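Notes follow once the structure below has been shown.
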Amino acid sequence: MRKIKRVLIQKSAVSVLALGVLMSGFVAVGQEVENGAETNAQVDQPEDDIKKLNVVYVTARKRDEREIDVPLAISALPAIELEQRGLSNLTEISTAIPELRISENTVGYGGNLTMRGISSATSTASVDQAVTVNVDGVPVSYAGIIKLGQFDLGQVEVLKGPQALFFGKNATAGIVSLTSAAPTDYLDYRLRGEYEFEAEQYAGEAYVSGPLSEGVRGRLAVRYSDSEGWLTNQLPDPATVPGTVLTPDRKGPGAEEFLAKGSLYIEPSTDFLLKLIGGYSDTETNGNYLQSQRIFCPNGVAQGPFGYAGQDCKTNNVSTNGGMPAAWAAFDSRFPTDNQPYTRTKQHVLVADADYQLSPDLEFNSITGFYNVNLDASDHVSNGAIPFVGFATSIEKTTYSQEFRLSNNASNRFNWMLGIFLQDDEYVEDQSTIIGALRPKADFRITGDTISPFVQLGFDITDKLTLTGGVRYSDETKQQQIGTGQFEGLYPDELNFSNWSPEATLSYALTPNANVYVAYKQAYKSGGFQTEHVAIPGALALGTVIDNSFREELVEGFEIGAKAYLLDQSLRVSAAAYQFEYTDLQLSSFDSVLVANIISNVGAATSEGVEFDFDYRPAAFGGFSLNGAVAYNNATFDEYAPACYNGQTAALGCDIATDTNDVSGERLPRAPEWSATLAGAYEGSLTSALDYRINAGFQYSGAYEGNSDVIPNSGQDSYISVDAGIAIADKDKVWELALIGRNLADEYWVASTYQVPVTGSDLALSDIAGTVNRGRQIMLRLTYHPQ
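Right under this line is the structure:
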């Protein structure tokens, strides 16, 4: 079966090239028609502009280029699409791109980013992600960035597959690049209010933008929101289920959030531009573990001793997570005295981006970045009403980065870019854990230093054929200091990593509006230390040396693609086929002895597939637009044997002698075989004074595994999510009233799953719990925006 799929993908790669050739024919015909009607086109230019697609420019290679001219698989979401669909954070943005999955995660205080079936360990906040988020030029590989709500964006670019050259440290699966809206050279402001009915969420935001003096312009945006939460916490009466601890809040995850973003552009001459950008978020929720539900119970009811018969073991908007006894605060004052779990997060991002045109052919760029997150949290993690496992933790992560680039803009056949990326990183965590009568404590300090120069060379072999190639060298040192009671000093204290990551691309311009390319890429992600590896007193012999490190992750492979504008620029199409092989992929699996998810390096894995996307604005139907994408992905373990899951016998595949379960050939977690999106919008006139807009979207996901242990009944079935919206505005777009619906079919799916602690045994399956997505959302939004 694996060989059959690989042959199909190879044939698809040939089909992509054939599609590119076919594109050139369509484009040529379109150009002949356009040239033959040149006079009429000039006369009707305003109407034609409406019928054509807007040309999307991206900065994937640190230059402003048309998306179809960039030889890599990339999806760009402009601000207008984000606005119309009500996509306000990374989790929601990912629903518009089939190959990308982003979800918050109750484990690890961050989340998980998956691209083409490749992700990272979900169990610890200290691990770098395979998908890096780039915020205004500053790379952030910490998953906690998911919790920084994104608003006032100019554009989102998603670069698929390994990226080594242009975004600081390597990304082995892809990049999500967020570009803030730029200050305007005229006075502009907007006010907006929102109410979401299902979570009872109020929100308001505003921005003001414009010139401040000659050559200086600024922008300030703020947002505040407060929600009750979309989940009902179903807790039994303590008299019926002794030991239950009730919480003051019976809905969650309720959140209060304040966001601010400011930017200042200083342009004293046409040769120099300095961009100063700052972002801040302050979020408080009433606990995150309520979002983790028991989704499968092999006995038909939740297993004890901490579950109870009233739990329905389904993915829905009802969950069960009891509070924490006030007595726990005597062990650590960060445990709540009112029984209510909580998570408080503050994040800061600062960027200084300077561009200096040294000469007509030479440009210098400097990007200085600062990222800081502070998190305090305490929660009960037994997935039931009775507290047994709880934690109180404080995390602070601070990253300073600096990148310098020098590039030529010569019009000759040879071009180049060289640069260096420097980063200093510190991660500090102080955690107290309660597991029954045990009271382990651990504090971690992990630091990292990175030096990473790179160079890229480009040569126009002919006026249509271009060869580009480059390499990045990375040298990283990571150190840790740990205090864990009796195990202090028994962990490794330093790791060193170095790597060369080359890439090469050959691209061919079939016409000015059609391109094909083939690329070879390597990338790497450093190893590190995991903070979830907490030694429980009594679980290990005194004096045992504990290795909480994991190795670097490597990838290499090929991608082939084709892109074009067709039908007089009313249709944009893009297709790609790829195959990438991963070595020592960093994933996590559950350790029932330590009651923790432990990071391990998968021996080998492969991600291969084919994807196609389009944007269409038919000339015959002014005001109508349609876009969609479909992706086939075959992401599997080539070599991996995690520990046997609870209840797994020899008949079910457990090697009893080694206590391992060979899952080679099984699919990677969060890697559906098929996924697709389709969205359309229509704008028209309602009356002589009013305009309207309607839009709808569909997202399909095939079934996928929920964890790297490949446990039965721990995955997600296929599903379809439906979005829709309608808006009414005056002709000048000064005001707009919109009703926006997301996930209208009220589908619930899990992002990641795990075995519920203290359930199951060597002979019995455990209950399965998972982080469940938000269900139906219906939002009313009023906007005031004087033009």
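According to the working numbering, the stretch in the sequence shown is residues 69 to 855, in order.
For glycine and all other residues, C-beta sits at the position ideal for the given N, C-alpha and C.
Everything numeric in this text was worked out from a predicted model, so none of it was measured.
Query: For N564 and S434, the rounded distance between their alpha carbons; Result: 27 angstroms
Query: Beta-carbon spacing of G696, A645 below 8 angstroms; Result: no
Query: Environment of Q855 [buried if 16+ CB atoms lie within 10 Å]; Result: exposed
Query: C-beta atoms of G185 and E627 nearer than 8 angstroms; Result: no
Query: For F648 and P146, the rounded distance between their alpha carbons; Result: 29 angstroms
Query: Exposed unless 16 or more other CB atoms sit within 10 angstroms - verdict on V111; Result: For V111, the pLDDT reaches just 32, beneath the cut-off of 50, and the residue's location in the model is therefore unreliable, although a value from the coordinates is still provided. Exposed: under 16 other Cβ atoms inside 10 Å.
Query: Run of the alpha helix (DSSP H) containing L150, from where it starts to where it stops; Result: A147 to R153
Query: Among A725, T704, G715 and A749, the one whose alpha carbon lies nearest that of V731; Result: T704
Query: From Q379, V284, D798 and A832, residue whose alpha carbon lies closest to that of N714; Result: A832
Query: Entirely enclosed beta strand (DSSP E) segments - the stretch 797-848, minimum 3 residues; Result: 803-810, 818-823 and 836-840
Query: Inter-stretch contact (C-beta, 8 angstroms, three-pair minimum) for the stretch 801-810 and the stretch 766-775; Result: no
Query: Under 8 angstroms between C-beta atoms of R258 and A271; Result: no
Query: Residue interval of the alpha helix (DSSP H) (run including L233); Result: No alpha helix (DSSP H) contains L233, which DSSP labels as neither H nor E.
Query: Cβ pair count under 8 angstroms reaching 3, the stretch 331-340 against the stretch 278-288; Result: yes
Query: Through-space distance from K237 to R844, alpha-carbon basis; Result: 37 angstroms
Query: Per-residue burial, A505 [other beta carbons within 10 Å of its own, 16 or more giving buried]; Result: exposed
Query: Residues near R432 by beta carbon distance below 6 angstroms, same chain, minus five either side; Result: Residue identity differs from the one stated: residue 432 is Phe in this sequence, not Arg. Excluding positions up to five away in sequence, the list reads Y424, L426 and L474.
Query: Which of helix, strand or coil DSSP assigns to Q359; Result: helix
Query: Exposure label - S829; buried when at least 16 CB within 10 Å; Result: exposed
Query: Which of helix, strand or coil DSSP assigns to D400; Result: coil
Query: Three-pair Cβ contact test at 8 angstroms for the stretch 717-731 versus the stretch 680-690; Result: no
Query: C-alpha gap between V824 and R169, whole angstroms; Result: 24 angstroms
Query: 6 angstroms CB neighbourhood of P605 in its chain, flanking five on each side removed; Result: With a pLDDT of only 45 at P605, under 50, the local geometry of the prediction cannot be trusted, and the value read off the model is given with reservation. Result list for P605: empty, nothing under 6 angstroms.
Query: Residue range of the unbroken beta strand (DSSP E) whose run includes I243; Result: G242 to S248
Query: 6 angstroms Cβ shell around G261 - same chain, five flanking residues per side excluded; Result: G272 and L850
Query: Same chain, Cβ closer than 8 angstroms to L221, five either side skipped, listed in chain order; Result: A147, L150, L246, T247, S248 and A249
Query: Integer Cβ distance of A795 from S360, believed to fall under 8 angstroms; Result: No, A795 and S360 are not in contact; Cβ-Cβ is about 36 angstroms, not under 8 angstroms.
Query: Under 8 angstroms between C-beta atoms of R402 and L443; Result: no
Query: Stretch-stretch touch, CB-based, cutoff 8 angstroms, three pairs: the stretch 636-645 with the stretch 618-625; Result: no
Query: Close beta carbons around Y852, own chain, < 8 angstroms, minus the five adjacent residues each side; Result: R258, L259, R260, V802 and W803
Query: 3 or more residues per run - each beta strand (DSSP E) lying fully within the stretch 642-721; Result: 664-684 and 692-707
Query: Own chain residues within Cβ distance below 6 angstroms of Y210, not counting five before or after; Result: K465
Query: Cutoff 8 angstroms; reference V670; Cβ partners in own chain excluding five residues on either side; Result: Y650, D652, L653, Q654, L655, F705, E707, Y708 and S776
Query: beta-carbon R153 near the ligand HEM non-hydrogen atom, thresh 7 angstroms; Result: Looking at this structure, you won't find the ligand HEM or any other ligand, since it has none at all.
Query: Secondary structure of I214, DSSP reduced to three states; Result: helix
Query: Span separating the alpha-carbon of F692 from that of F597; Result: 51 angstroms
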